[in-house]
Structure formats: C-alpha cells, structure tokens
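Here's the structure we're looking at; comments come further down.
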Amino acid sequence: MDTALALGWLHATAAAVEQHEPELTALDSAIGDGDHGSNLRRGFTAVLAAVDALPPDTPVGAVLGKAGTTLISTVGGACGPLYGSALRTTGAALPTPKADITDLAAALRAGLSTIQRLGGAVPGDKTMVDAFEPAVAALERAAFDGFSLREAAALAAEAAERGARDTVPLEARKGRASYLGPRSIGHQDPGATSTALLFRALARTAGA
Amino acid sequence: MDTALALGWLHATAAAVEQHEPELTALDSAIGDGDHGSNLRRGFTAVLAAVDALPPDTPVGAVLGKAGTTLISTVGGACGPLYGSALRTTGAALPTPKADITDLAAALRAGLSTIQRLGGAVPGDKTMVDAFEPAVAALERAAFDGFSLREAAALAAEAAERGARDTVPLEARKGRASYLGPRSIGHQDPGATSTALLFRALARTAGA
Amino acid sequence: MKKLINSPESVLDDALAGIAAAHPELTVDRAARVILRAGGPRPGKVAVISGGGSGHEPLHAGFVGPGMLDAACPGEVFTSPVPDQLLAAIRATDGGAGVVFVVKNYTGDVLNFQLAAELAAEDGIEVRTVLVNDDVAVKDSTWTAGRRGTGATVVVEKAAGAVAEGGGTAAEVAAAGQLANAASRSFAVALSPATVPAAGRPGFDLPQDEVELGVGIHGEPGRRRAPMRAARELAAEVVDAILAEHTLTAGDETIVLVNGLGATPLLELYIVFGEVSALLAERGIRIARSLVGNYVTSLDMAGFSLTLTKADARLLELWDAPASTPALRRP
Amino acid sequence: MKKLINSPESVLDDALAGIAAAHPELTVDRAARVILRAGGPRPGKVAVISGGGSGHEPLHAGFVGPGMLDAACPGEVFTSPVPDQLLAAIRATDGGAGVVFVVKNYTGDVLNFQLAAELAAEDGIEVRTVLVNDDVAVKDSTWTAGRRGTGATVVVEKAAGAVAEGGGTAAEVAAAGQLANAASRSFAVALSPATVPAAGRPGFDLPQDEVELGVGIHGEPGRRRAPMRAARELAAEVVDAILAEHTLTAGDETIVLVNGLGATPLLELYIVFGEVSALLAERGIRIARSLVGNYVTSLDMAGFSLTLTKADARLLELWDAPASTPALRRP
Ligand SMILES: Nc1ncnc2c1ncn2[C@@H]1O[C@H](COP(=O)(O)OP(=O)(O)O)[C@@H](O)[C@H]1O
Ligand SMILES: Nc1ncnc2c1ncn2[C@@H]1O[C@H](COP(=O)(O)OP(=O)(O)O)[C@@H](O)[C@H]1O
Ligand SMILES: [Mg+2]
Ligand SMILES: [Mg+2]
Ligand SMILES: [Mg+2]
Ligand SMILES: [Mg+2]
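Protein chains in written order, with my numbering: chain F, 1 to 208; chain P, 209 to 416; chain H, 417 to 747; chain A, 748 to 1078.
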C-alpha cells in the first residue's frame, strides 16, 4: 500500500458508497434510523475533496489519517467517529513510503482495535466489527501465506462480505439496532455492509 | 300541524339525519369542513331529549320553539343558528293548538326569512335556502290549491329535493363553500340536502 | 384514521379534562365548556373573549391568561361554539367594563357570537366584536362570506388583550384588535389534509406531488392545486400572494408569523421562515418581530401559513406587552 | 415524501438560516453550525452545551438562552453533531469555569461528544458530561448500548442550566443534570413513522390499525407492535411501562411531560394528558408541574412520549427557575 493505492482505494470506496447509498439507507431504516447511506456519502465526498487537495508527495499514512480526520469532522453518528478513528489509527501505523501486506494487516488490526475500544463491540454484536474482524484476519492469513496484495485483498473482501451476510441472523447488542432486541434478527447490519464495501473497494483498487 | 305531528316530524328528522349522516359528512367534506352530518346528529339527539321531556300538553309552537332553542344550544357552526332560529320563528308564528296548511306555510316562510336575515343568502347562493325556499313556495301553492297536508308536504319535499339537486351546478356565494369559488361547482350543498331531509321527514310524518 | 382520542364524540370533553389538568393557573368550566383566567371577573377590566372550533390548538385556550384572553370558548372540532358557551364566558368574566369578542370571520362563528351578543344585550351587557379576516386566499366582497380569519387572530388577541390589561375602555380594546386585524394578511399552503375525527377520513385527497394553495384552517380545500415545489418557491408564492393584497412596502416593518398547520415539523417551519425572511429583505421590508411554530393549527394537516402584520410603534408596543398564557409568554 | 425543504442536503443549513432570522436574541454561527446565547463567553459561568441530530426541534436550539443552554450543536437530521461543532461551541462559550455537556445516550452522540471532550482536554479545558438515558423501552444493561436519552433531556437541560445560571460550579451543574436524569423515565408510542429527508421514505411501515410501542426519537422502530386503541388504553400502557422502571410511588410528586413527536395535534396531546393525569391520580401520584406540547420531536412522526420526573424540592426549584429561551420561558 502506497499513496497512489490509498488514494485509489478512497476513490473506489466513495464510488461504492455512492452507488450503494440506497441499499445502506434501506438497511439502516429497517433496524436503525435510515441515515447510514447519506452519512457515508457526505463523509466520502468530503474525504475526496480533502485528500485530492493534499500535495502529491504526502505519505500514505498521512493520506489515510487525513481521510479519518475528515470523516470525524463531517459524518457524525456512530460510524463517523468509528470509521474516522480507525482510519486515523491505520494511517498512523503504516510505514512510509510503502507498506507490504503484513504492515497493512497490522495497521488495519490497529484500526479495528480503535473501533472496538471506542464502541465496545465484539464479534457477534451485529456491528461493523463482524465484517471488519474477518477481513483483517483474512489479510493476516494471506500475508502469512505469502499471497499478493491482489489475492489478499480479494480474500479480505470475501471475508468481509461473508461477515456482513452472517450478521443477518444475529440479535444486535450494540448501536441503534440493539434497541430492537430480537426484532433486529433477520436484517443485515448496515455498518457491516459498508465495511464490506470498503474491503471490496480495496480489492478492486489492488486489481482483483 | 299539531303537537303530535310536530313531535313525529322531529323524530322522523332525527332518524333521517342519523341515517344520512355519512352522506352529509361526505358532501360537507367536498366543499366545506366535513362536520355537517355530525353537527346535525348531535343537535337532533339533543332535540329529541328536550322535546320528549316536555309536558304532553305543550302547544305545537312551543315544541318547535324548544327544538330551535336546543339546536342553537348544541349545534354551533353555520347550521345551528340558522336551523335553530328558523324553528324558533316558525314555532312562534304557529297558532295553537293546531295549524292548517296555510298557517304552517306562513310560519315556515317566517322561519325562512330568519335564515335569510341572519345569513344574508338569496336563492342561487348554493345554501339551504335553495331547498327551503322552493319547499315553502310549494306548501304555499298547495295551501292555495286546497291540498291535504299529506299532499302538500309531499309536494314540498319534492321541491326541496329538487332544489337541493339543483345546487350542484351552482357556484357558492355564501358559507364555507364560497371559499372554493368555481371549485364549488359540481357538488351538492350539504345544508340544502339536510333541508330536503327535513321536508321529506314532514311528508313521511304526514302520511305521504 | 389513527388518532389519540377515546371516541370522536368525546374529543372536546376529553381535551378539556386535559387542559384543566395541565393548566392549574386556568379555570376550566367543563360543563359550560369555557376556559377562564383564574380568579373570577376583574372589576373595571374589559373582558376579552374569543372562541371557535376545536382543532386549532393552541388557539384559543392557549392564549387565555394575563395580557391576552379572559376566556376561550371551544366548539366541537371545526365547529363554532354555541351561544350558551359565550354567555357563560361573559357571565364569568364581565367586570362591569364591557366585553369584547374576537371572532374569526366564518358564517358559523359570526352567527353564534352574534346571537350571544344579542342575548347579552338583553341582560344589559354591551358586547363589541372584532372580526378577524386576514386570509387573502379568499377574495373580499360583500356578496360572499368574505375573507376568513386565520393566523392574524393571534396578533388581534395579543393587541386587544394588551389594551384590556392596561385598563383600556371597551372601545379602545376593540379598536386595538381592529387595528391589528387591518394591518394583517395571511395565506396558507397544505401538504396534506386534516382528518376530522367524526368524519373519519381526510377532508380532501392530495396527490403526492401536489399542494393546496390558499387552504383554510378547517380542512376546507384551497382555491387551487399546484405542483409541490421547494420551500423557497412555495414561500415566494405565499409572500407574493400576501403582498398583492397588503399595504406593506419597502421601508415598512412587519411582524411575521410562520405557523405550522399541525403536522409540520418545526425544522421545516424554520426553513420556511429563512426563505420568507430572505424574500422580505429583497423587497426592503424589515422583520421587526417574529413567531415560528404551531399557533393556529388545523388538526393533523401538514403545511404552513404565513401572516404578515404591518407594524407601527403602537402595534409593536402591544405585541411586546407582557403576557402570560400557556402558548405565549412575554416578560 | 412531501416536505418543506429545498433539498435533502441543505436541510440543516437552511434551517440554521431560519433560526438565525427568527431569533435575533441568539447568535447563530452558520459556518460552525452552532447556536449560541448572544454576548460571547460569560466569565466565571459554567457553559452548558448540548447537541444531537436535527429533526427533534425545538430540542436543542430552542432551549438556548438565559437559564438553560449556552450553546446547541445540531447534527444532520437524526445524526449526532461532529466533534468540530462541539469544539467550536466550547471555544465560543467557555468562560473559564468549565464546560458541561448534555449528551443523549446514543452510540453516535456519545462517541462524538467524547472525541470533542478529549480534544478540549488537550486545550486544557475540562469537560464534564451528563448522560441522559431515560427511555425505559430499552432495557438497561452494560452489554448493550443502554437506555436511550429522550424527553428527559428537557428536564436535564433545565436543571443544569438553572444551576449554571445561578453560579454553580461545573461539578454542581453536572450533578444537577444527573439528578434530573436519574429521577426521569420515559416511553413513546408512534402512530406513524418519520421520514428522513435524505432517505425519502418512511423509516418503517405501520398498518392503519397498529402502533409502535417503545419507539425511538430517530425513527427507530419500537420494541413491539400492538393494536391501535383508545387514548385511555394507550396512556395506561405507557404509564405502566414507566412506573415498572421508576421509583415513583403513591405520595410522590412528579413533573409530567406529554410530548408530541412532531405530527400530533395539540388537541390529542391534551387528551392524552387528561388520561395520564387520571391514571397518576388513581395511583396516588401528584402532578406538581407539567408540560404539554412538542418539545422533543421526531420529524413528522405522529404519536407521543411521556416523561415522568420524580420531583423533590430541589428539582422543582430548578424547574421553576427563570429561563428565557425560544421554547421554554419562565418569569
Ligand atoms: N458500538 C459500536 N461498535 C461498532 N460499530 C457500531 C457500534 N454502534 C454502531 N455501530 C455501527 O454503526 C452502524 C450505524 O451507523 P450510522 O447509521 O451511520 O450511525 P447511527 O446509528 O448513529 O445513525 C451500525 O450498523 C453498526 O455497524
Ligand atoms: N349564509 C348562509 N345562509 C344560509 N345557509 C348557509 C349560510 N352559510 C352556510 N349555510 C348552510 O350551512 C351549511 C353548512 O353547515 P355546517 O357544515 O353545519 O356549518 P359550517 O359551515 O359552519 O361547518 C351549508 O351547506 C349551507 O347550506
Ligand atoms: Mg443510522
Ligand atoms: Mg361544515
Ligand atoms: Mg364547521
Ligand atoms: Mg443517525
């Protein structure tokens, strides 16, 4: 992962969020308050404006850090601080100028820890963690197995998508969906779904 | 018209209002505020309670006067004072103990004058006057022609019903429907419709 | 129809029970259906009495209290009160200095207040009437029922109430109300109709992409339908409709009421107010005072009305005078 | 979706323009999206700052003013504010005596306020937080997000604001807010869902003969559906739900808030209040103070929430303390 790839990733994520906004809105309407799609759209529109204005020699970590700060400043809601802080932590953990898969996996693991520290969610609580954790685990495994970034990112995206789908039968214990108790069962978590978009965007950007 | 006939008339009117409440409501919803049916139902429920509590020897004029006062006290809206005052005037104009058709026609003409004095409407303004006036005129003609009360009341009811139907193409110039201007055209006036019920109830009570 | 009621027949009585429980500072005569300032008649003070159909809350009960009304008489939903209520209100508030009625110009209201005034006159009580007729959606003409009374009622009740509180004579109280009315014009837009409990269905149907322009506060449909548009464009249409029938011009000051019809979020009313304020600024009209919220509602109708009162020093003084009512407070 | 807006994206900015125009007594920083008491920081006075998603008006902007909030930070519709707004509010109000945040317990609100407090701490400003969590529809547990903050926010902001206005320390202000919160429990019933402008469709579907019990103020569906019933029965269900999780018992005094969710006529809220008052009387609980109207809304949702605050002399004193805000005034 380098500056160009990070920028590509953020652009791809923004495009995916734009395209899937109605789906995210619908999922959040079912078990939340219907703003997850517009929250992320607003956030990633601002992220693109912010990172595209950075000098071309900005280190990869600073690009992701800027993206995180921008999300924190523009999104609000639960996902703004969670995604924003995670990206900040991830960026801070990335070596310059270029991170290999092991570095990237470690940095994203740090980002995940931030999400879990701030939000207190564990896997199975029906949150973005349910997609984020398996994605990071898949990256770690792929790094250990010596896969290319293209292959690793594809595995992470698949894991995230599976994780998101697997939130359907869960009863939410964190976030707004938890207010529904058992009525949250049968719906896919919007945050886990947007996390899957994030990792799919990474895979696409890495050429998968 | 005597006390028994007046009581019968009021009961028959109450029953007709009850039965046609949805129709009156629908007509008033279209070009008014949707309360004409419930207004009259509330009023005639109170009227029955009031006149049934009168001593049996109450003169016919006093019965109608009581009915009028009760309508004024319980209906509100435009039709409460108009119908109520009209009945009071009619009652005050009826000789005791029994009025012939000429007396009744004259008393109802006096009641109509009260409606017109209070409300300022003339025939063609798309109000209750458009049913009331032809009904009274028919009674007057029938009295002149020497018809029986049964025949006279039937002619009055027909005239009132025709008058009500004929309000359909009119543009309202008085009452709430006048706010609609040309959009009031094509709807039958609720007050003219209830006036037709009143005269039909008289005809039924008189044995027609 | 889904409403927080016990039955369509008991709406008024049940609401009166709630008003009585919620406002110990008021006296509610539930039998007579009159809401009164506590403490009985005030000797030497002109009594200001208003009333009208229920379904417009906080109008009128919410404006009973020092500085505004002495009594409010609520009729059945969208139905004017009956003369008995108005007479009871007169008896409970007349302090010997006379009575002023505030009457919105609807045939039913006018007739019932008129009958009450005639009966009061028989008791030797002189009643003056201020007729409110601010709604420019209806053309004023002696051949019709004339312009309706809507949002300006708040301004009229405030002005009349202030003069009465200050010890004005009945003639002065009525004159202040008439001044406020003459200076005010209103226009309303509905996004959805109201449902009268007794009727059980909406007063009119409105497609998803249309609005009713010039709607009344009793669920009466408006003069015409128009396509739904941005708040900015609707506000412009409403401002223009009012200014076409108003003496307000560049350099003037105005009291602005952006009023919710019952089911419109305050968030949206503020958006409308922002647009109105920009439109008035463009036309050189200065907003001296303003009110945003639900004041003269129409049950569960969605939409707003705009009232513009041309404000001179006298009207501003009356508008700013102290008032302590459930829905309007001035220190 | 039919709304008085210009576009879903501009809702907040357009509403801020309207709030600024309607309330010259407030300072609206439209760039920073903060609503402030006019006059800048008050040296020596603790600053009380609240905020949350838009769509709940008059909460919070309507409670800015002497005796209540120093600043309100509105987020996008149903979305908590961002830390930048809260930091701007702190900078604009900090008079050196400390800052108290009033935060409704939602993950998003908690996180954004927490990030802001951490950043403020880096600037040497200590921020205390009062967490509002009064909604008994949600079971309280450390394993979940916990009870939500709803109607009690008004009571908390009033209590904290009163102590701050009276010169209390930051610890005292926070303690007053916590006292008000601990004494309050709420429960809401929706008759129809809210439509978030950006979503364009209602948050949930509700058949004509059903209600959502325990609904949230962000269009979140409730815990369960139940058949629509008379106001009396719905009120009983709500009162029982609250009392099951409340220390209120016979002989106690309470502050009662019957709050409209946005699209409910005041007439119906008074009917509900009447029923609540009868139910509390049956249980020997005395209503010491009350509030009926739209205070913590949920856009165009129809329905009501009930908040019962167990009132002791201290809370009543704070409740009665002077306040001068757009939505709550006390002489
Ligand atoms: N405590 C938490 N930990 C991790 N993720 C959470 C937590 N709370 C909520 N989320 C995630 O945030 C998503 C909702 O985001 P969003 O709709 O933008 O915020 P809000 O709930 O404030 O409206 C949920 O679907 C969930 O995945
Ligand atoms: N000025 C008037 N003169 C005669 N009849 C009138 C007048 N105004 C209204 N009406 C009659 O009253 C009817 C409406 O009665 P109702 O619905 O009970 O009163 P409101 O219009 O006050 O709701 C109209 O259909 C019309 O026939
Ligand atoms: Mg959400
Ligand atoms: Mg009617
Ligand atoms: Mg009516
Ligand atoms: Mg949200």
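Positions of the beta carbon are idealized from the N, C-alpha and C atoms, including for glycine.
6 angstroms CB neighbourhood of residue i in its chain, flanking five on each side removed
i          : result
P:Ala-313  : Leu-347, Glu-348, Ala-351
H:Gly-383  : With chain H covering 417 to 747 only, the question about residue 383 of chain H has no answer from this structure.
P:Gly-292  : Gly-276, Leu-279, Ile-280
H:Glu-581  : Gly-483
P:Phe-407  : Ala-343, Ala-364, Ala-365, Ala-368
A:Ala-818  : Val-781, Leu-783, Ile-796, Ala-836, Thr-840
A:Leu-1046 : Gly-802, Ala-941, Gly-1009
A:Thr-826  : Gly-800
A:Glu-992  : Val-883, Arg-932
Chain-order list of residues whose beta-carbon lies under 8 angstroms from that of residue i (same chain, five-residue window excluded)
i          : result
F:Arg-165  : Gln-188
A:Ala-1035 : Glu-1000, Thr-1001, Ile-1002, Ala-1058, Leu-1063
A:Gly-812  : Glu-772, Leu-773, Arg-784, Ala-1070, Ser-1071, Thr-1072, Pro-1073
Residues bridged to residue i (per DSSP)
i          : result
H:Arg-702  : H:Glu-669
F:Thr-13   : Note: F:Thr-13 sits in no beta bridge, so no partner.
F:Ser-29   : Answer is none; F:Ser-29 lacks a bridge partner.
A:Val-879  : A:Lys-851
A:Glu-959  : A:Ala-937, A:Arg-972
P:Cys-287  : Paired residue(s): none; P:Cys-287 is not in a bridge.
A:Asn-1006 : A:Gly-1040, A:Ser-1052
Endpoints, the alpha helix (DSSP H) within which residue i is located
i         : result
F:Thr-215 : One cannot answer for residue 215 of chain F here, as it falls past the ends of chain F, which runs 1 to 208.
A:Phe-810 : Careful: A:Phe-810 lies outside any alpha helix (DSSP H) and carries neither H nor E.
A:Ala-769 : 758-769
A:Glu-912 : 899-912
F:His-36  : 36-52
P:Gly-302 : The amino acid occupying residue 302 of chain P in the given sequence is Leu; Gly does not appear at that position. No alpha helix (DSSP H) contains P:Leu-302, which DSSP labels as neither H nor E.
For residue i, the three-state DSSP class (helix, strand or coil)
i          : result
A:Asp-952  : coil
F:Phe-147  : coil
P:Glu-427  : The requested residue 427 of chain P does not occur in the structure, where chain P is confined to residues 209 to 416.
A:Arg-932  : strand
A:Leu-796  : In the sequence under discussion, the amino acid at residue 796 of chain A is Ile, which differs from the Leu named in the question. DSSP places A:Ile-796 in strand when its eight states are reduced to three.
H:Phe-494  : coil
H:Pro-609  : coil
P:Thr-335  : coil
P:Thr-297  : helix
A:Arg-1077 : strand
A:Ala-977  : coil
A:Val-1039 : strand
H:Ser-740  : strand
A:Ala-922  : helix
Own chain, CB closer than 7 angstroms to residue i, minus 5 neighbours either side, in chain order
i         : result
A:Thr-876 : Phe-848, Val-850, Phe-860, Ala-864
H:Gly-667 : Gly-700
H:Ala-454 : Glu-441, Leu-442, Thr-443
H:Leu-535 : Pro-499, Leu-503
Residue interval of the beta strand (DSSP E) (run including residue i)
i         : result
F:Arg-183 : Note, F:Arg-183: premise wrong, no beta strand (DSSP E); not H, not E.
H:Asp-445 : 442-445
A:Leu-783 : 781-784
A:Ala-973 : 971-974
H:Ala-718 : 718-726
Near ligand 7: residue i beta-carbon under 7 angstroms from a heavy atom
i         : result
P:Gly-292 : With respect to small molecules bound, the structure shown includes ligand 1, ligand 2, ligand 3, ligand 4, ligand 5 and ligand 6 and not ligand 7.
Counting pairs of Cβ atoms below 8 angstroms between the stretch 2-22 of chain F and the stretch 41-52 of chain F, do you hit three or more? yes
State whether the stretch 844-861 of chain A contacts the stretch 811-830 of chain A, with contact taken as three or more CB pairs (one from each stretch) at a distance under 8 angstroms. yes
Inter-stretch contact (C-beta, 8 angstroms, three-pair minimum) for the stretch 605-620 of chain H and the stretch 583-597 of chain H: At 8 angstroms Cβ cutoff, the stretches do not touch.
Are the stretch 85-94 of chain F and the stretch 55-67 of chain F touching, with three or more C-beta to C-beta distances below 8 angstroms? yes
Counting Cβ pairs closer than 8 angstroms, one from the stretch 938-946 of chain A and one from the stretch 964-981 of chain A, do we hit at least three? They touch, by the three-pair rule.
Three or more C-beta pairs closer than 8 angstroms, one from the stretch 255-262 of chain P and one from the stretch 417-435 of chain H: is that the case here? no
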